[in-house]
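> Could you have a look at this structure, given as structure tokens, before my questions?
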Amino acid sequence: MDRFVFLTIDGLSRGAVYAAFALALVLIWRAARVVNFAQGAMAVAAAYVAYTVSAQTGSYWLGFVVAIVAGLLLGALVDRAVMRYVDHTSPLNPVIVALGLVLLIQAVLGMVYGSEFRPAEAPFSRSALTVGGLAVLSPYDLFVFATIGVVVVGLAWIFARTAVGLRMRAAAFAPEVSRLLGVNVGGMLTLGWALASGVGALAAMLVIPTELGLHPHAMDLVFVSAFTAAVVGGLDSPPGAVVGGLVVGLLLSYVSGYAGSDLTPLAVLVLLLAVLLVRPGGLFAPVAARRV
Amino acid sequence: MSATRAAVPPKQRPADAGDRPVDRRRGSTLLRHLAIMLAAGLLLVGVSYAVEPFRNFQLATVAAYLCATAGLTVLTGLNGQLSLGHGALMATGAYTVAFCQNAFADRGMTGGWLLPLSLGAAVLGTVAVGAVVGVAAARLRGPYLAGVTLAVAVVVPALAVTFDGVFNGEQGLSVPVEPPPVSLGPYFPYERWQLWLTGAATLLALLLLANLIRSRYGRTFRAVRDDEVAARLAGIHVARTQVLAFVVSAATAGLGGALLAVLAQSVSPGAFSLTLSLFLLMAVVIGGLGRLTGALWGAVLLVALPDLTHSLTEMLTLSPAVAQRMEGNLPLAIFGITLIVVMIAAPGGVQGLLSRLGRALLARWSARRS
Chain A
0 MDRFVFLTID GLSRGAVYAA FALALVLIWR AARVVNFAQG AMAVAAAYVA
50 YTVSAQTGSY WLGFVVAIVA GLLLGALVDR AVMRYVDHTS PLNPVIVALG
100 LVLLIQAVLG MVYGSEFRPA EAPFSRSALT VGGLAVLSPY DLFVFATIGV
150 VVVGLAWIFA RTAVGLRMRA AAFAPEVSRL LGVNVGGMLT LGWALASGVG
200 ALAAMLVIPT ELGLHPHAMD LVFVSAFTAA VVGGLDSPPG AVVGGLVVGL
250 LLSYVSGYAG SDLTPLAVLV LLLAVLLVRP GGLFAPVAAR RV
Chain B
0 MSATRAAVPP KQRPADAGDR PVDRRRGSTL LRHLAIMLAA GLLLVGVSYA
50 VEPFRNFQLA TVAAYLCATA GLTVLTGLNG QLSLGHGALM ATGAYTVAFC
100 QNAFADRGMT GGWLLPLSLG AAVLGTVAVG AVVGVAAARL RGPYLAGVTL
150 AVAVVVPALA VTFDGVFNGE QGLSVPVEPP PVSLGPYFPY ERWQLWLTGA
200 ATLLALLLLA NLIRSRYGRT FRAVRDDEVA ARLAGIHVAR TQVLAFVVSA
250 ATAGLGGALL AVLAQSVSPG AFSLTLSLFL LMAVVIGGLG RLTGALWGAV
300 LLVALPDLTH SLTEMLTLSP AVAQRMEGNL PLAIFGITLI VVMIAAPGGV
350 QGLLSRLGRA LLARWSARRS
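Protein chains in written order, with numbering that gives the first Met the number 0: chain A, 0 to 291; chain B, 0 to 369.
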């Protein structure tokens, strides 16, 4: 029972990070109909910037803020400098370009920082507090839940309650009409990329201290898990991404706790295939007709 | 039906790779391809005597990569399915050949026919895996397919470590390969023999692929890529076609992986990482999607670029630590940038540029003659 509670909490904490990362994927998918395969590499790049700043100044929190800002800027840069010029008639093209970005970013990181694991510090203790003889939450878990909660609520608020959010939704839903009504569609697209990349950077900052450390490939498996989470929820649905993230986190935690951590990649693949074969639109997909 | 709907012309897809009318050339396709392959084989034998052993080995590596890139270009360029998992399929072929060769060596069996048998087994093994992935892939589109194959590429190398009783973990397995036959003489260079072996296998695979592309199946591949609904209306079984394309592509990828394992005489999960899958895709795109000649340029690039950057870093006198970082990563960075630039500026790739150049020259020449 102890172990089950521990694994559940651990899974929810991981799942919260996957949820944030999946949310970033969903944001770009909704805005631009592109699955950003470079998301992981971009987030790692932001985390490396934070690492440098933290190492120079000795302040974790300065690095944390810098990571998010770097993520925002990188997202805007990728949209403005690369993605805008890609021919979107075939869905293959943006995917291939994103993969080129993955190679480029990882190579540049490898050249600048070398490809050894760098220990990443956590701002709070990761050992669990005991309540009534049961080891439950660590302060770091609480920090993760609080941060992701703020992000999710914040994004929901931006999209549902602000004028900018309304414009972003309009620009994604009907670009031509929005343009006629005076919405800066290109600007909204850039803003969407920046937001998504910022959220991705935040997720990377939260997940890297719980894994082996900072490495150009640190987010590869996290990306696959988050993609699975986004697919489980349906790529179009932000609440679905959050639920999917928690589901994937719990599953991975149970698999690694009861069956061995080596099997987690396999579990992700099996879940992804199962969801796609049984319910390709995700668990929360509305019924859709195919356009002929 | 409303009038407005009919007034909008259907979106024209620009004619690209492999769509040109094919009835310009006369004569038997099989005979023509056979002649080309024979000429290529003779050229290869000539080259193998002309160049030093190391270049022979490099050419053999190009041939092994060419197997995989040719299969991938058929899948992605002609059938429109994006696979990021071909590195994993190559790993399947490589491990199968390692198992077979080890089993033969353990039983003390020798003979020239064993290696072709192992290669055949590798192809069959990869076909089985490819069929499973292909059945799933046929139900998926665009980013979903890319995501699943990406997961395959990440997961399969990890499996080798998980079941290290079978695959021997990170260390991998050795692949015992027999020396060249005695009839070729006692001082026959081993690298030349390797080039002959891989060259022969690759040419055979290319011959089959080239014929497939120009056959009824090749046309259905392209029809499904261009418009699934129209293909279905024309009586093509879309899912079956997609699975077939995936299986063919998997078979060549398996052969390529097996040849790489035979060349290196060992196989380890590190050689078949996600980066290899991305490299293959990159090579195919840069070479020119959907053309076998494009796959050739891509395979050459895969071998030549790391070599070039190696000599480049040696020319710039750098500190050893920096040089080591540069050497591993500079080819990756160059590949990444080239890929992005090619996708944006020249979607036809190297072969597209070359054929455009060739056509322009031809037009000028014929204009001058008339």
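In this text, a Cβ means the ideal position worked out from N, Cα and C, and glycines have one as well.
1. Considering only residues of the stretch 271-327 of chain B, which uninterrupted alpha helix (DSSP H) runs meet the minimum length of 4 residues and lie entirely inside it, listed in chain order?
2. So the candidates are B:A332, B:P319, B:V50, B:G269; which of them puts its Cα closest to the Cα of V160 (chain B)?
3. Y64 (chain B) versus chain A: which residues are under 9 Å apart at the beta carbon?
4. List the residues of chain A that M36 (chain B) touches, going by C-beta distances under 9 Å, in chain order.
5. Which residues of chain A have a Cβ atom closer than 8 Å to the Cβ of A157 (chain B), listed in chain order?
6. Scan the stretch 331-365 of chain B for residues whose Cβ lies nearer than 9 Å to a Cβ of chain A and list them as they occur along the chain.
7. Given that M204 (chain A) touches chain B, what residues does it touch there, using C-beta distances under 7 Å?
8. So which residues of chain B does Y84 (chain A) contact, with C-beta pairs closer than 8 Å?
9. Looking at the strands, I want to know which residues DSSP matches up with R213 (chain B).
10. Between P20 (chain B) and chain A, is any beta-carbon pair separated by less than 8 Å?
11. For G119 (chain B) versus G256 (chain B), is the C-beta distance shorter than 8 Å?
12. Is P237 (chain A) close to chain B, meaning its C-beta is less than 8 Å from at least one C-beta of that chain?
13. DSSP on S265 (chain B), reduced to helix/strand/coil?
14. Closer than 9 Å, Cβ to Cβ, to anything on chain B: give me those residues from the stretch 272-284 of chain A, in chain order.
15. Give the straight-line distance between the Cα atoms of A19 (chain A) and I235 (chain B), rounded to the nearest whole angstrom.
16. Just to confirm, are L250 (chain A) and L270 (chain A) a CB contact at a threshold of 8 Å?
17. Can you tell me whether L211 (chain A) is buried or exposed? The criterion is at least 16 other CB atoms within 10 Å of its CB, across all chains shown.
18. Just curious, the alpha helix (DSSP H) that V182 (chain A) is in, first and last residue?
19. May I ask you to verify whether the stretch 192-199 of chain A touches the stretch 31-38 of chain A, counting CB pairs closer than 8 Å and requiring at least 3?
20. Can you give the beta carbon distance from F271 (chain B) to G86 (chain B), rounded, assuming they're within the 8 Å contact cut?
21. Run the CB neighbour count on T68 (chain B), radius 10 Å, all protein chains shown included, and call it buried at 16 or more, exposed below.
22. So the candidates are B:F278, B:S173, B:A136; which of them puts its Cα closest to the Cα of N78 (chain B)?
23. For N92 (chain A), go through chain C and note every residue whose CB falls closer than 8 Å to its CB, in chain order.
24. Compare the C-alpha of A63 (chain B) against each of B:A104, B:T109, B:Y143, B:W195 and name the closest.
25. Does the Cβ-Cβ distance between A203 (chain A) and V43 (chain A) come in under 8 Å?
26. Can you give me the C-alpha to C-alpha distance between I207 (chain A) and R138 (chain B), rounded to a whole angstrom?
27. Is the beta carbon of G281 (chain A) less than 8 Å from the beta carbon of V231 (chain A)?
28. If distances are taken between C-alpha atoms only, which option among A:F5, A:A258, A:V254 comes closest to T129 (chain A)?
29. For a cutoff of 8 Å on Cβ pairs, would you count V284 (chain B) as touching chain A?
30. Quick one: what's got a C-beta closer than 6 Å to S12 (chain A)'s C-beta in the same chain, skipping five residues either side?
31. Report the neighbours of M325 (chain B) on chain A: residues whose CB is nearer than 8 Å to its CB, in chain order.
32. For S173 (chain B), which of helix, strand or coil comes out of DSSP?
33. D219 (chain A) versus chain B: which residues are under 8 Å apart at the beta carbon?
34. Could you tell me the boundaries of the alpha helix (DSSP H) in which N92 (chain A) lies?
35. Can you grab the Cα-Cα spacing for the pair V21 (chain B) / P180 (chain B), in whole Å?
36. Check the Cβ-Cβ distances between A159 (chain A) and every residue of chain B, and say whether any is below 8 Å.
The answer reads as follows:
1. Listed in chain order, they are 273-286, 291-314.
2. With distances taken between Cα atoms, V160 (chain B) lies closest to B:G269.
3. Going along chain A, no residue has its Cβ under 9 Å from Y64 (chain B), so there is no contact; the nearest lies around 17 Å.
4. The CB of M36 (chain B) never comes closer than 9 Å to any CB in chain A; the least such distance is about 30 Å.
5. For A157 (chain B), the chain A residues whose Cβ falls inside 8 Å of its Cβ are D261, P264, L265, in order along the chain.
6. In summary, the residues of the stretch 331-365 of chain B whose CB is separated from some CB of chain A by less than 9 Å are L331, A332, I333, F334, G335, I336, T337, L338, I339, V340, V341, M342, I343, A344, P346, in the order they occur in the chain.
7. Correct list: empty, because the minimum Cβ distance to chain B is about 22 Å.
8. Chain B residues near Y84 (chain A): I343.
9. BP columns for R213 (chain B) are empty, so no partner.
10. Its pLDDT being 48, under 50, P20 (chain B) is placed unreliably by the model, and the measurement read from it follows with that caveat. Taking 8 Å as the threshold, the shortest C-beta distance from P20 (chain B) to chain A does not fall below it.
11. Contact: no.
12. The C-beta of P237 (chain A) comes no closer than 8 Å to any C-beta of chain B.
13. In the three-state DSSP reduction, S265 (chain B) falls in the strand class (E or B).
14. The residues in question are L272, L275, L276, P279.
15. Approximately 42 Å, taken between the alpha carbons.
16. Their beta carbons are under 8 Å apart, which means L250 (chain A) touches L270 (chain A) by this criterion.
17. Counting Cβ neighbours within 10 Å, L211 (chain A) comes out exposed, since fewer than 16 surround it.
18. Per DSSP, V182 (chain A) lies in no alpha helix (DSSP H) segment and is marked neither H nor E.
19. Contact holds: three or more Cβ-Cβ distances are below 8 Å.
20. At roughly 5 Å, the Cβ-Cβ gap stays under 8 Å, so F271 (chain B) and G86 (chain B) are in contact.
21. Buried, since its Cβ has 16 or more Cβ neighbours within 10 Å.
22. Nearest C-alpha to N78 (chain B): B:A136.
23. Absent from the structure: chain C. Protein chains present are A and B.
24. When each option's Cα is compared against that of A63 (chain B), the closest is B:W195.
25. Taking the C-beta atoms as reference points, V43 (chain A) is found nearer than 8 Å to A203 (chain A).
26. Each residue's alpha carbon lies about 34 Å from the other.
27. Contact flag set, yes.
28. Minimum Cα distance to T129 (chain A) is reached at A:F5.
29. Closer than 8 Å to some Cβ of chain A, the Cβ of V284 (chain B) qualifies, so yes.
30. Its chain contains D140, V143 as the residues whose beta carbon lies nearer than 6 Å to that of S12 (chain A), once the 5 sequence neighbours on both sides are disregarded; these appear in chain order.
31. Ordered by position in chain A, the residues that pass the 8 Å Cβ test against M325 (chain B) are M110.
32. Strand at S173 (chain B).
33. Here the neighbours are V153, L273.
34. Here the alpha helix (DSSP H) through N92 (chain A) covers 91-112.
35. Any reading at V21 (chain B) must be qualified, since the residue scores a pLDDT of 48, below 50, and its modelled position is unreliable; no value is offered.
36. No - not a single Cβ of chain B is within 8 Å of the one on A159 (chain A).
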